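Trainee: Residue numbers (the numbering used here): 462 to 604. Glycine included, each C-beta is placed from N, C-alpha and C at the ideal position. It should be emphasised that the depicted structure is a prediction, and the values quoted were computed from it without experimental measurement. One structure coming up, written as structure tokens, with questions to follow.
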């Protein structure tokens, strides 16, 4: 578990990475995805349904239905999923929750968090899901 993102966001990141590593023409239902990620089916379904509104994930109902990416993995970055689920507030607020934390009136970890926050945002924004494909496949195989 991370301290930066919600559990919902973590699962959203994992589920979208999973979908990006699969053939484009195959739909996966929440049961399939939950088995691969080893998380509850209901949680997977809820998270992916919330991502359908963001334009990252689509769903098809019915017997042969399931979830799929609506965009090419070359056009999706991890920051897109974070923004869709948790928003970007963590990158603009004091990590300790102090009101009025600023460059002029910093909290005790302001400078350290600022550098980590900027590196984290950059890391989530740089590579596309397509660029992470091989690493994703290796991780999914190890689960």
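Among 531, 473 and 542, which has the Cα closest to the Cα of residue 582?
Mentor: 542
Trainee: Quick test of your reading: residue 609 and residue 545, contact by CB under 8 Å. State the CB separation rounded to the nearest angstrom.
Mentor: Outside the shown range of the chain (462 to 604) lies residue 609, about which nothing can therefore be said.
Trainee: If you follow the alpha helix (DSSP H) that residue 530 is part of, which residue opens it and which one closes it?
Mentor: Where residue 530 is concerned, there is no enclosing alpha helix (DSSP H), although the beta strand (DSSP E) it sits in stretches over 527 to 530.
Trainee: Using only CA atoms, which one of 566, 595 and 540 lies nearest to residue 578?
Mentor: 540
Trainee: To the nearest angstrom, how far is the alpha carbon of residue 560 from that of residue 593?
Mentor: 37 Å
Trainee: Am I right that residue 529 and residue 519 are in contact with their C-beta atoms under 8 Å? What's the rounded C-beta distance?
Mentor: Indeed, because the Cβ distance is near 5 Å, the residues count as touching under 8 Å.
Trainee: Would the stretch 553 to 569 count as touching the stretch 472 to 479 if we require 3 or more Cβ pairs under 8 Å?
Mentor: Because the criterion of three Cβ pairs below 8 Å is not met, the stretch 553 to 569 and the stretch 472 to 479 do not touch.
Trainee: What does the alpha-carbon distance come out to for the pair residue 462 and residue 488?
Mentor: Bear in mind that the predicted position of residue 462 carries a pLDDT of just 44, short of 50, making it unreliable; the figure below should be weighed with that in mind. So the alpha carbons of these two residues sit roughly 28 Å apart.
Trainee: Quick check on the burial criterion: 16 or more other C-beta atoms within 10 angstroms. Buried or exposed for residue 473?
Mentor: buried
Trainee: Nearest-angstrom Cα distance between residue 493 and residue 596?
Mentor: 20 Å
Trainee: What does residue 477 pair with, by DSSP beta-bridge criteria?
Mentor: Answer is none; residue 477 lacks a bridge partner.
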